[in-house]
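One structure is given below, encoded as structure tokens.
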Amino acid sequence: AQSVTQLDSQVPVFEEAPVELRCNYSSSVSVYLFWYVQYPNQGLQLLLKYLSGSTLVKGINGFEAEFNKSQTSFHLRKPSVHISDTAEYFCAVSGSGSARQLTFGSGTQLTVLP
Amino acid sequence: EAGVTQSPTHLIKTRGQQATLRCSPISGHTSVYWYQQALGLGLQFLLWYDEGEERNRGNFPPRFSGRQFPNYSSELNVNALELEDSALYLCASSGGLAGGETQYFGPGTRLLVL
């Protein structure tokens, strides 16, 4: 079984400051890792993904994440946030074969303050 | 390229009725996933279809069912609606069993059960 823990339910940060949203996962097999963003009253938009290869992955809107297998983490970072980054961010994990469905963390509400 | 589409956008039903939600995947995608996002319960996996077959099912009662059509579109049916079925239902599609690790989401159908 897989599980995902997002350690912070809410993260307030001032505009142009850096931000890190934390994600830890648990799995007995190799996994694929994802970050999605959800704006109010919308579906989920893929920010970035780790499938294999380089552990540092870059996504849209200036976000990046680093896969750390020894610490089972996949933290999301952005060096300078904008007001428009205010949204809910979800970390997710999936397996292979019949375990292709996503298991999500509980989400982190990022609020960017002026 | 068109993304995942879902209909209707909103659906209002009364307890005991049946609801039918529809999803059209990205062109070329053969897998469709359904997720429930209920207040306080987070994002939970419901069903996964690929090539017309049910591949996996989440921990939901049998009154949640669905199917996938030859054109890969999908329907989610919820029978005997209960108040706690009120939620945002999200559909996602991917490239299927061969290399389809990444899921892309639609805008969702918001179901309200009165």
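Respectively, the protein sequence lines represent chains L and V. Its first residue numbered 160, the first sequence is counted upward by one per residue in the numbering used here. Its first residue numbered 535, the second sequence is counted upward by one per residue in the numbering used here. Idealized CB from N, CA, C, for every residue including glycine.
Between L/S257 and chain V, the shortest Cβ-Cβ separation is below 7 Å. In the structure shown, L/N200 adopts coil according to DSSP, grouped into three states. Per DSSP, the continuous beta strand (DSSP E) segment holding V/D584 begins and ends at 576-584. Per DSSP, the beta-bridge partners of L/E223 are L/K217, L/R236. Between L/S213 and chain V, the shortest Cβ-Cβ separation is not below 7 Å. Between L/L166 and L/R181, the C-beta spacing is below 7 Å.
In terms of beta-carbon proximity, L/Y248 stays away from the interface with chain V, with every pair separated by 7 Å or more.
Under the Cβ distance rule, V/P641 counts among the residues neighbouring chain L, one pair being separated by less than 7 Å.
DSSP, reduced to helix, strand and coil, places L/A258 within a helical segment of the structure shown. Under the Cβ distance rule, L/G254 does not count among the residues neighbouring chain V, no pair being separated by less than 7 Å. When the beta-carbon positions are compared, V/V538 and V/G642 stay at least 7 Å from each other. Between the alpha carbons of V/H563 and V/R556 lies a gap of roughly 16 Å.
Secondary structure note for V/G600: its beta strand (DSSP E) is the uninterrupted segment 598-602. At a cut-off of 7 Å between beta carbons, V/N593 makes no contact with chain L.
Listed along chain L, the residues sitting closer than 9 Å to V/N590 by beta-carbon distance are S257, A258, R259, Q260. Interface criterion met: the Cβ of L/L210 is under 7 Å from a Cβ in chain V. Secondary structure note for L/A246: its beta strand (DSSP E) is the uninterrupted segment 246-253. Shortest Cα-Cα distance from L/P199 to any of L/G264, L/Y184, L/Y248, L/S265 involves L/Y248. With 16 or more other Cβ atoms from the protein chains shown falling within 10 Å of its own Cβ, L/R259 counts as buried.
Contact between the region 569-576 of chain V and the region 539-547 of chain V is not established, with fewer than three Cβ pairs separated by less than 8 Å. Looking at the DSSP output, V/S608 sits in a beta bridge with V/C557, V/Q602. Residue pairing from DSSP places V/L646 in a beta bridge opposite V/I546. C-alpha of V/S628 to C-alpha of V/W582: approximately 10 Å in a straight line. Residues of chain V whose Cβ lies closer than 7 Å to the Cβ of L/G202 are, in chain order, L624, F639, G640, P641, G642.
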